[in-house]
Amino acid sequence: MRLRLVAVTLASIAASCCTPAPPEFAEDTSASAAMPEIDINALGVPYASVPDAGLLCAGQISPEQMDALHAAGFKTFISLRVAAENGAGWEEAHAATAGVSFQRLPIAGAAGVTSESARELRGILEDAEGPTVLYCGSSNRVGALLGIAAHEIDGKSVEEALAYARSAGLTGLEPAFNEVVGR
């Protein structure tokens, strides 16, 4: 029953607000990789997508959304926004008060879309506990760095990595992604 609810929730997210992941990146709905049961759409999480089991990619979340996602079972929150960006910078204090695991990897636009940043993000994700929320302003930086890591670390072809990056939110930073991966 739980796996069916997770599958229905993931299908609802993908159908209403997300670019579905290509088949080679299909969701793992096994019990060990189950996403928390929560209606992301009802929370109004911007640019939400689930490119991998246990990973919610999004645009900037609010304190209320962080609290609701944490209460639902998301354990780690990672922001790729510079703290001085409009709408960001509140997370460290809020997370400390709410008992939320939070980390910031500040990526300043296209200049921060690099192999080094992708590798640093991958290390943070590998060390993250439980289901994770990874976000920036619009999930564009998220998608770019995840795609670069898919190509450079996981060995995906450039086209596979691009499809994955798009499923995680890559849009306007596609030229920066292309430059890094040699497309």
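Residue numbers (this note's numbering): -18 to 164.
Glycine is no exception: its CB is placed at the ideal position from the N, C-alpha and C atoms.
Contacting residues, own chain, Cβ-Cβ under 8 angstroms from residue i (five flanking each side not counted)
{"i": "residue -6", "result": "In this predicted model, residue -6 has a pLDDT of only 39, less than 50, meaning its place in the structure is not dependable enough to derive any value."}
{"i": "residue 100", "result": "130, 133, 134"}
{"i": "residue 91", "result": "154, 156, 157"}
{"i": "residue 76", "result": "47, 58, 82, 83"}
{"i": "residue 73", "result": "64, 83, 85"}
CB contact check: residue i to chain D, cutoff 9 angstroms
{"i": "residue 46", "result": "Of the protein chains in the structure, only one exists, and it is not chain D."}
DSSP bridge partner residues for residue i (one or two, in chain order)
{"i": "residue 84", "result": "59"}
{"i": "residue 30", "result": "38"}
{"i": "residue 115", "result": "38, 59"}
Other residues of its chain near residue i: CB distance less than 6 angstroms, five sequence neighbours each side excluded
{"i": "residue 97", "result": "none"}
{"i": "residue 87", "result": "63"}
{"i": "residue 119", "result": "28, 40"}
{"i": "residue 85", "result": "60"}
{"i": "residue 164", "result": "139"}
{"i": "residue 142", "result": "128, 131, 132"}
{"i": "residue 213", "result": "In this structure the chain extends from -18 to 164, so residue 213 is not present and cannot be described."}
{"i": "residue 68", "result": "41"}
{"i": "residue 24", "result": "46, 49"}
{"i": "residue 89", "result": "63"}
Own chain residues within Cβ distance below 7 angstroms of residue i, not counting five before or after
{"i": "residue 159", "result": "none"}
{"i": "residue 123", "result": "38, 61, 115, 116, 117, 149, 150"}
{"i": "residue 70", "result": "64"}
{"i": "residue 161", "result": "94, 95, 96, 129"}
{"i": "residue 36", "result": "113, 115"}
{"i": "residue 26", "result": "39, 42, 46"}
{"i": "residue 103", "result": "130, 134"}
{"i": "residue 51", "result": "79, 81"}
{"i": "residue 121", "result": "150, 151, 152, 153, 154"}
{"i": "residue 44", "result": "71, 75"}
Rounded Cβ spacing between residue i and residue j (contact assumed at less than 8 angstroms)
{"i": "residue 18", "j": "residue 53", "result": "7 angstroms"}
{"i": "residue 145", "j": "residue 126", "result": "So it is not a contact: roughly 11 angstroms between Cβ atoms."}
Three or more beta-carbon pairs under 8 angstroms between the region 133 to 147 and the region 104 to 117, yes or no? By the Cβ rule, the region 133 to 147 does not count as touching the region 104 to 117, because fewer than three pairs are nearer than 8 angstroms.
Does the count of Cβ pairs from the region 140 to 156 and the region 56 to 75 closer than 8 angstroms reach three? The region 140 to 156, when compared against the region 56 to 75, does not touch it at the 8 angstroms Cβ threshold.
In chain order, what are the residue ranges of uninterrupted beta strand (DSSP E) at least 3 long that sit wholly in the region 123 to 155? None, since the region 123 to 155 contains no complete beta strand (DSSP E) of that length.
Do the region 75 to 83 and the region 136 to 144 make contact, defined as three or more Cβ pairs closer than 8 angstroms? Too few Cβ pairs lie closer than 8 angstroms, so no.
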